[in-house]
Structures are given as C-alpha cells and as structure tokens.
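Only one structure is covered here, and it is reproduced in the block below.
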Ligand SMILES: [Mg+2]
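Numbering (our numbering), first residue to last: 890 to 1112.
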C-alpha cells in the first residue's frame, strides 16, 4: 500500500525534496525552458524556437542522471555560465505556502528533518541563501554527494547508512513520481506526492501515492 496518509505517531524521520516540493518549481521551469533558451539563441544566432527544440532534446538525454542537475556539466555543454544566469533570475526563487509552519511543527514534535535533493551544490547554495531555510533541517544531502540520483535505489541505501533512518518510520515528500516509485521500492512507508509543484502550472495527479497540494493538508496536530 502506497496511498496512505501520514501517521505522525509512527513517523520519526521526514525526508523532503527541495525543488517543486518546498520551493516553487516555477523558477526552475522558467529558467531552463525560457531563460536559458533565450541566452542560447543569442549566442548561437538561432531563433528561440530552434534553441528551445535543441535544448529540450539535450535535456531529455540526461534526465534522471547526475548530469541532469550538474550545473558545471551544462555550463560546459552549452557554452553558458549557468550559475551566473541563475543569479540573474534568482528573484523568482520562492518557498511554497505553508512550508515554514509545517517544518516548524514537525520539528517541535521531535522528528528529524532531512533535505534530500538531486540539485547540484551550487543550486542548493543559491536557494538556501535566497530562502533562509537551511536552519530548518537536521541535515542536507545532495544526490551528487550520495553518489546516485534519487531515482536509484543506491541513493536511499547510502542515505540510510549516513542517517540511520528506518524506512518503516519515514515519510518522504516529493513532486517527482519516478522518485516516489524508487522510494517505494526501497520500502519507505509514507510517500506523499506534491501535486501542486509550480504556482504557474495546474496540479498533477496520482492515484498511487497520497497526494497533497500544500503541506497544510498533512500538518501534524500538536497537543
Ligand atoms: Mg522536486
């Protein structure tokens, strides 16, 4: 059974994804699908349409791998300074509604909270700097340092070794279904799908996983 609501009495550890889960994915979508194609078109003398087509094909070839989120890889491949470009649009980085009260409530209940992201260290640093969320976590792990993306079982094995989390007493919130599947395969019990990952796109759908639009829906009740 994967579609079950979180039982806060049995949960000890909360694993949270960053982009789309805690933060509005609008920033990432806009950056990769609009801002980068525009800059790429300028440099290579292409139309926006041509640049977008070429880039989307390029992105697809690396989805679900560590290259996908490696800013140095993309800077090199595209001939653009990707970290510098991100800074130019960093005003779009935003925390989803109800995230901060949720993190505070879970922490007050004595649960351990870990941020686990496929994002590259440079992206992580920029986002933590813009949102001031880093103090809310007991630990922050990137799949680059764990050695495998979250789509792979290996990532959860290394994370369990590093944090000692018990999959039966763990909740994972994610906006990527493939990652929830990999976590289910590893035995993580409480899997929450963030259906509304971007403020500028309609909510997604999942019948397989317990789905929420915002963290208000699974806010633990404090006594
Ligand atoms: Mg995500």
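For glycine and all other residues, C-beta sits at the position ideal for the given N, C-alpha and C.
CB of residue i within 9 angstroms of CB of residue j, strictly
{"i": "residue 985", "j": "residue 1098", "result": "no"}
{"i": "residue 1087", "j": "residue 915", "result": "yes"}
{"i": "residue 908", "j": "residue 1072", "result": "no"}
{"i": "residue 1039", "j": "residue 1068", "result": "yes"}
{"i": "residue 945", "j": "residue 922", "result": "yes"}
{"i": "residue 897", "j": "residue 1109", "result": "yes"}
{"i": "residue 1043", "j": "residue 1074", "result": "no"}
{"i": "residue 935", "j": "residue 982", "result": "no"}
{"i": "residue 947", "j": "residue 966", "result": "yes"}
{"i": "residue 1093", "j": "residue 1085", "result": "yes"}
Residue from the options whose Cα sits closest to the Cα of residue i
{"i": "residue 971", "options": "1065, 929, 1026", "result": "929"}
{"i": "residue 989", "options": "965, 1026, 1006", "result": "1026"}
{"i": "residue 961", "options": "1012, 1019, 1050", "result": "1012"}
{"i": "residue 1095", "options": "955, 1063, 913, 1076", "result": "1063"}
{"i": "residue 1018", "options": "890, 912, 899, 1033", "result": "912"}
{"i": "residue 920", "options": "1093, 996, 1028, 963", "result": "963"}
{"i": "residue 992", "options": "899, 1006, 1024", "result": "1024"}
Close Cβ partners of residue i (< 6 angstroms) along its chain, the five nearest in sequence each way excluded
{"i": "residue 1089", "result": "915"}
{"i": "residue 943", "result": "none"}
{"i": "residue 917", "result": "908"}
{"i": "residue 895", "result": "1060, 1079, 1107"}
Contact set for residue i: own chain, Cβ-Cβ below 7 angstroms, skip 5 residues either direction
{"i": "residue 951", "result": "957"}
{"i": "residue 899", "result": "1058"}
{"i": "residue 1028", "result": "1003, 1052"}
{"i": "residue 995", "result": "903, 1002, 1109"}
Whole-number beta carbon distance between residue j and residue i, since they are thought to touch under 8 angstroms
{"i": "residue 1081", "j": "residue 1066", "result": "Actually they do not touch by this definition, with Cβ atoms about 12 angstroms apart."}
{"i": "residue 1083", "j": "residue 1101", "result": "7 angstroms"}
{"i": "residue 926", "j": "residue 941", "result": "4 angstroms"}
{"i": "residue 1059", "j": "residue 1030", "result": "Between residue 1030 and residue 1059 the Cβ distance is about 14 angstroms, and since that is not below 8 angstroms, they are no contact."}
{"i": "residue 955", "j": "residue 1033", "result": "6 angstroms"}
Nonlocal neighbours in the same chain, by C-beta distance under 8 angstroms from residue i, ignoring five residues either side
{"i": "residue 932", "result": "968, 969"}
{"i": "residue 998", "result": "897, 1109, 1111"}
{"i": "residue 1036", "result": "1043, 1044, 1047"}
Point to revise | the stretch 895-914 touching the stretch 1040-1060, judged by at least three CB pairs closer than 8 angstroms | key: With contact defined as three or more Cβ pairs closer than 8 angstroms, the stretch 895-914 and the stretch 1040-1060 are in contact.
Review point. Does the pairing of the stretch 959-979 with the stretch 989-1002 give three or more beta-carbon distances under 8 angstroms?
Key: No, the stretch 959-979 does not touch the stretch 989-1002.
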